[in-house]
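Chemist: Take 76 as the starting number for the first sequence in the working numbering and just add one per residue. Could you have a look at this structure, given as structure tokens, before my questions?
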Amino acid sequence: MPELPEVETIANNLNAGNRDQPSLIGREILRASLIWERTLAEPGPNEFPERIAGQSILSIGRRGKFLRIQLSTDVLLIHLRMSGDLRVESGAAPIGKHSRLILELAGGIRLAFVDPRKFGRVWLTANPDSILGGLGPEPLDDTFTPQALFEALRGRRRQLKPLLMDQSIIAGLGNIYTDEALHQARLHPLLTSQSITFEQAERLWRSIRSVLRAGIQRNGTSIDWVYQGGDYQKFLRVYGRSSQPCVECGAPIERIIIGQRSTHFCPYCQPSSGYQD
DNA sequence: ACGAGCGCCTGTCGGC
DNA sequence: TGCCGACAGGCGCTCG
């Protein structure tokens with residue numbers, strides 16, 4: 076499911092609460108039950124429940140596509156991968172079919188990690204940098220500048236699309252927002268990073284921030300049963316629109332496979348000239 | 001240093 | 001109705 080805007084939305088809801096769910100801030104974790112063992116990356120399945128019980132939730136944030144939950148002594152990191160989600164439920168509700176980890180909280184509620192495809196992972200650690208250390212800059216931070224992006228592109232010889240999805244280059248972009256950013260920047264996904272001029276990099280920088288901000292504003296993208304609550308899917312210009320007319324020029328959107336991921340672009344607005352460079 | 005291929009998993013959808 | 005392949009907001013691992 077989730078890219079940066081969806082993870083940000085989930086973090087905001089857990090923090091502040093909303094109409095359907097209370098805030099988790101300040102709640103003690105009473106008990107943990109691990110339903111699918113491989114969901115837990117660290118520590119072992121025996122240590123995890125003992126160590127997390129009794130800790131309280133102090134703050135909830137995001138780094139890249141990771142949720143970062145600061146507890147009394149440790150940090151809980153959650154990566155939702157393709158189909159993960161977090162639900163705040165009544166402690167009396169039946170356990171859902173796809174729940175992989177349950178944290179029972181004070182006040183008769185619980186936090187359920189729901190993940191049909193079982194790709195998601197959870198870490199409980201005193202040293203989150205050991206897991207987050209390889210991530211590139213946050214694209215919405217001030218430290219991420221056009222110059223920084225230009226240098227990252229120039230320093231490699233790589234197709235734009237897989238480079239933008241590489242979390243060590245920029246943290247948070249996934250398949251949807253990468254395709255949308257490249258379209259807005261009018262750059263073909265197969266262009267070689269080294270061939271990009273400073274002006275093009277600046278355009279790409281602007282587009283990346285623009286699509287991520289718009290996604291957050293719309294509470295993320297909800298395109299199927301996996302993630303609900305967002306409506307940025309109404310504003311997508313290329314993703315999932317293959318053979319439909321480009322909103323800019325009317326040419327049919329093309330779909331190709333790059334790095335095993337489906338890639339959507341407008342062959343007219345995003346010319347391929349120069350991708351041998 | 002890079003790209004391609006595959007594994008990890010379950011669910012949905014369209015075609016026959 | 002049932003079966004079968006294609007496909008899905010991710011990432012880590014091999015192998016050239």
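Here a beta-carbon is modelled for each residue, glycine too, at the ideal position from N, C-alpha and C. On a predicted model such as this, the values are computed, not experimentally measured, just so you know.
Using the rule of at least 16 other Cβ atoms within 10 Å of the residue's Cβ for burial, across every protein chain shown, is Ile-321 buried or exposed?
Modeler: Within the first sequence, the letter at position 246 stands for residue 321. The sequence given here has Cys at residue 321, not Ile. By the neighbour-count rule (16 or more Cβ atoms within 10 Å), Cys-321 is buried.
Chemist: If the criterion is Cβ atoms closer than 8 Å, does the pair Glu-81 and Gly-305 meet it?
Modeler: Indexing the first sequence from 1 puts residue 81 at position 6. Indexing the first sequence from 1 puts residue 305 at position 230. Closer than 8 Å, so yes.
Chemist: Sort Ile-245, Leu-266, Ser-337 by Cα distance to Thr-218 and report the nearest one.
Modeler: Taking the first residue of the first sequence as 1, we reach residue 218 at position 143. When only C-alpha atoms are compared, the closest one is Ile-245.
Chemist: What is the rounded straight-line gap between the Cα of Ile-132 and the Cα of Trp-198?
Modeler: Reading the first sequence from its first residue, position 57 is the one you call residue 132. Reading the first sequence from its first residue, position 123 is the one you call residue 198. Roughly 15 Å between the two C-alpha positions.
Chemist: Just to confirm my understanding: we take Arg-143, look at its own chain, exclude 5 residues before and 5 after, and list those with CB closer than 7 Å. What are they?
Modeler: Counting from one through the first sequence, the residue named residue 143 turns up at place 68. Around Arg-143: Gly-136, Arg-137, Val-150, Leu-152, Pro-203.
Chemist: Could you check the C-alpha separation between Ser-165 and Gly-129 for me, to the nearest Å?
Modeler: Here residue 165 corresponds to residue number 90 of the first sequence, with the count starting at 1. Here residue 129 corresponds to residue number 54 of the first sequence, with the count starting at 1. Rounded to whole angstroms, Ser-165 to Gly-129 spans 19 Å at the Cα level.
Chemist: How should Ser-108 be labelled, buried or exposed, when 16 other C-beta atoms within 10 angstroms of its C-beta is the threshold for buried?
Modeler: For the purposes of this step, residue 108 is taken as residue 33 along the first sequence, with counting starting at 1. Exposed, because fewer than 16 other Cβ atoms sit within 10 Å of the Cβ of Ser-108.
Chemist: Beta-carbon separation of Pro-221 and Glu-277 under 8 Å?
Modeler: Position 146 of the first sequence, counting from 1, holds the residue named residue 221. Position 202 of the first sequence, counting from 1, holds the residue named residue 277. Contact: yes.
Chemist: Just mark Ala-227 as buried or exposed, buried being the case when its beta carbon has 16 or more other beta carbons within 10 Å.
Modeler: As a position in the first sequence, residue 227 is number 152, starting the count at 1. With 16 or more Cβ atoms within 10 Å of its Cβ, Ala-227 is classed as buried.
Chemist: Please look up how many angstroms separate the CB atoms of Ser-282 and Gln-259, rounded, as I've assumed it's under 8 Å.
Modeler: In the first sequence, the residue the question calls residue 282 occupies position 207. In the first sequence, the residue the question calls residue 259 occupies position 184. 4 Å between Cβ atoms; contact.
Chemist: Who are the Cβ neighbours of Tyr-343 in its own chain at under 6 Å, not counting the five residues just before and after it?
Modeler: Position 268 of the first sequence holds residue 343. Answer for Tyr-343: Cys-324, Ala-326, listed in chain order.
Chemist: Reducing DSSP to helix, strand and coil, say where Glu-117 ends up.
Modeler: Residue numbering aside, residue 117 sits at position 42 when the first sequence is read from its first letter. Strand.
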